[in-house]
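This report concerns only the one structure given below.
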Amino acid sequence: MPAMANAAPHVAILTGGGDCPGLNAVIRAVTLALMRECPGARITGVERGFHGLVARRVRPLAEADVAGILAEGGTILGTHNRCDPFAWEGADRSAAAMAFVRELGIDALVAIGGDGTMQIAGRFETLGLSVVGVPKTIDNDLPATDRCFGFDSAVAVVAESLDRLATTARSHGRVMILETMGRHAGWIALEGGLAGGADAILIPELPFSLQALAARAQERERAGSSLLVCIAEGVALDGAEPVRQAHEAAAPAADPSAQPRLGGVGQVLQQRLQPLVGCEVRSTLLGHVQRGGTPTAYDRVLATRYGVHAAELVAARRFGRMVALQNEHVTSVPLAEVAGRSRPVPPDHELLRAARGTGVLLG
Ligand code: F6P
């Protein structure tokens, strides 16, 4: 990649949206690669995502700051999944954020985040900030990339949880329901469910039938065995709205455009299924365990590849782009292709074929 016209650019890095394993690996890779691509570059970490630009909270990043963080979960910069500077606490703070960016002399921003972060980054770009995006979300639902880092780590947690639930389900002859995250996409439940040997996988993209699930549970009951169900939080049991967390209504977000928090469908399913079967039905909500902890080896490597490519894009002054993985190759796509869009599981996806092929009940 050609060196940057401005040989020593000032580059800001931020992590936005929900955290996930691998964020620190990206921060480390961007920092280390920028130092090599653009000798003398200044690197500034923005704290708590875009909130840091509103609250004026930044810190310098140097090689010593990123030493030893490759395998560390979370993000050393902190994050925020409810701060859109264009609509924050009832006001548009984007002009103030841009003034702060200019004061600092920032030449470019590397924004690591999901669809919301890419959307906000795209809007800052129209205000004159040069941006490179890096796709992060355990939900794996960003378009134009085959994989977001963090997803593999979440899937590993789901698989291990199902392994553990399977033994206790068998011992008691129970139906065990595991609810995963994933927002409106079923990727985590589908891949995690396959990896953990779930008997039924329920995702928002497919129609749900309580009768079919009850029939499968009764079959297992007659055979004296158990049933393992993996359900994504975004499943709408009645074809209506997904179940929202109860406390959402009590504490509305400062950013009214923030996504509603989902959660609790596993328990609702338990209540509906229980009267239809003879055995006990229990449910487990996995929650943030899926987002915490150390990234898998796959995610560490993917995050490193993404970070290095992001630094290369900055050095080549190829802005307005998001790093992406396509057919195993790291490349980049225009931010506009991604911002505000999501990628549900397609009905003909190969993973669904693999599930059907092994007798998994899909819904
Ligand atoms: O987008 C990532 C994600 O973990 C979703 O799967 C989940 O619905 C949401 O974030 C949870 O957000 P919060 O941490 O705000 O509860």
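If you're matching positions, the sequence shown starts at 93 in this note's numbering and goes up one per residue.
Every residue, glycine too, gets a C-beta built ideally from N, C-alpha and C.
For clarity, every value in this text was computed on a predicted model and none was experimentally measured.
Figure out for me which residue from A307, F241 and R374 has the closest Cα to the Cα of A389. Taking the first residue of the sequence shown as position 1, residue 389 is located at position 297. Comparing Cα positions, the closest option is F241.
Is H264 near the ligand F6P, in the sense that its beta carbon is under 8 angstroms from a heavy atom of that ligand? To locate residue 264, count along the sequence shown from 1; it is residue 172. Incorrect: H264 has no Cβ contact closer than 8 angstroms to the ligand F6P.
Beta-carbon proximity of L354 to G326, cut-off 9 angstroms: Reading the sequence shown from its first residue, position 262 is the one you call residue 354. Reading the sequence shown from its first residue, position 234 is the one you call residue 326. In this structure, G326 lies closer than 9 angstroms to L354 by Cβ.
Buried or exposed by the 16-neighbour rule on C-beta atoms within 10 Å, applied to E271: Sequence index remark: in the sequence shown, residue 271 carries index 179 (1-based). E271 is buried by the Cβ-count criterion.
Per DSSP, which one or two residues make a beta bridge with L196? Walking along the sequence shown from the start, residue 196 turns up at place 104. DSSP lists no partner for L196.
Should E404 go down as buried or exposed, given a rule of 16 or more other Cβ atoms within 10 Å for buried? Counting from one through the sequence shown, the residue named residue 404 turns up at place 312. Counting Cβ neighbours within 10 Å, E404 comes out buried, since at least 16 surround it.
Neighbour-count burial assignment, P299, 16 or more Cβ in a 10 Å radius: To locate residue 299, count along the sequence shown from 1; it is residue 207. So P299 ends up on the exposed side.
Give me the residue from Q363, Y398, I323 and R410 with the minimum Cα distance to G452. Working through the sequence shown from its first residue, we reach residue 452 at position 360. The sequence given here places Val at residue 452; Gly does not occur at that position. Ranking Q363, Y398, I323 and R410 by Cα distance to V452 puts I323 first.
Closest residue to A246 among G214, A287 and G225 (Cα-Cα distance): Residue 246 sits at position 154 when you count from the first residue of the sequence shown. That would be A287, whose Cα lies nearest to the Cα of A246.
Between G331 and N232, what straight-line distance do the alpha-carbon atoms span, to the nearest angstrom? Taking the sequence shown and counting its residues from 1, the one referred to as residue 331 is at position 239. Taking the sequence shown and counting its residues from 1, the one referred to as residue 232 is at position 140. Using only the alpha carbons, I get a separation of about 23 angstroms.
Do G68 and T229 have their C-beta atoms within less than 9 angstroms of each other? No answer is possible for residue 68: it lies beyond the span of the chain, which begins at 93 and ends at 455.
Through-space distance from A213 to M93, alpha-carbon basis: As a position in the sequence shown, residue 93 is number 1, starting the count at 1. As a position in the sequence shown, residue 213 is number 121, starting the count at 1. Legend: pLDDT at M93 = 36, less than 50; position of this residue unreliable, no value from coordinates given.
What number of angstroms, rounded off, separates the C-alpha of A416 from the C-alpha of T260? Taking the first residue of the sequence shown as position 1, residue 416 is located at position 324. Taking the first residue of the sequence shown as position 1, residue 260 is located at position 168. Cα to Cα, A416 sits roughly 40 angstroms from T260.
Any chance the CB of C66 is under 8 angstroms from a heavy atom of the ligand F6P? Since the first residue of the chain shown is 93 and the last is 455, residue 66 is not available in this structure.
What would DSSP say about Q351, mapped onto helix, strand or coil? To locate residue 351, count along the sequence shown from 1; it is residue 259. Here Q351 sits in coil by DSSP.
Nonlocal neighbours in the same chain, by C-beta distance under 6 angstroms from L368, ignoring five residues either side: The residue you call residue 368 lines up with position 276 of the sequence shown. So the list reads A306, once near-sequence residues are dropped.
DSSP three-state assignment for P152, whether helix, strand or coil: What you label residue 152 is simply residue 60 of the sequence shown in a count that begins at 1. P152: strand per DSSP, three-state reduction.
Where the beta strand (DSSP E) through L270 begins and ends: Here residue 270 refers to the residue found at position 178 when the sequence shown is read from its first residue. First-last of the beta strand (DSSP E) with L270: V267 to T272.
So, for A258: in the same chain, excluding its five sequence neighbours on each side, which residues have a beta-carbon less than 6 angstroms away from its beta-carbon? If you number the sequence shown from 1, residue 258 lands on position 166. Once the five neighbours on either side are set aside, the close Cβ partners of A258 are L320.
Assigned secondary structure, R215 (DSSP; H/G/I helix, E/B strand, else coil): Walking along the sequence shown from the start, residue 215 turns up at place 123. Residue state, collapsed to three classes: helix.
Taking Cβ positions, are V146 and N116 nearer each other than 9 angstroms? Numbered from its first residue, the sequence shown carries residue 146 at position 54. Numbered from its first residue, the sequence shown carries residue 116 at position 24. Result no, Cβ atoms of V146 and N116 do not sit closer than 9 angstroms.
Would A248 and V224 qualify as a contact pair, given that the criterion is a beta-carbon distance under 9 angstroms? Counted from its first residue, the sequence shown places residue 248 at position 156. Counted from its first residue, the sequence shown places residue 224 at position 132. Not in contact: A248 and V224 (Cβ atoms no closer than 9 angstroms).
Measure how close the beta-carbons of P235 and R435 come, nearest whole angstrom, since I'm counting them as under 8 angstroms. Your numbering for residue 235 matches position 143 in the sequence shown. Your numbering for residue 435 matches position 343 in the sequence shown. The Cβ separation is near 4 angstroms, so the contact holds.
Between which two residues does the beta strand (DSSP E) carrying R275 extend? Walking along the sequence shown from the start, residue 275 turns up at place 183. Element bounds for R275: n/a, residue is neither H nor E.
Please report the distance separating the alpha-carbon of S375 from that of Q337. The residue you call residue 375 lines up with position 283 of the sequence shown. The residue you call residue 337 lines up with position 245 of the sequence shown. Taking the straight line from one Cα to the other gives about 16 angstroms.
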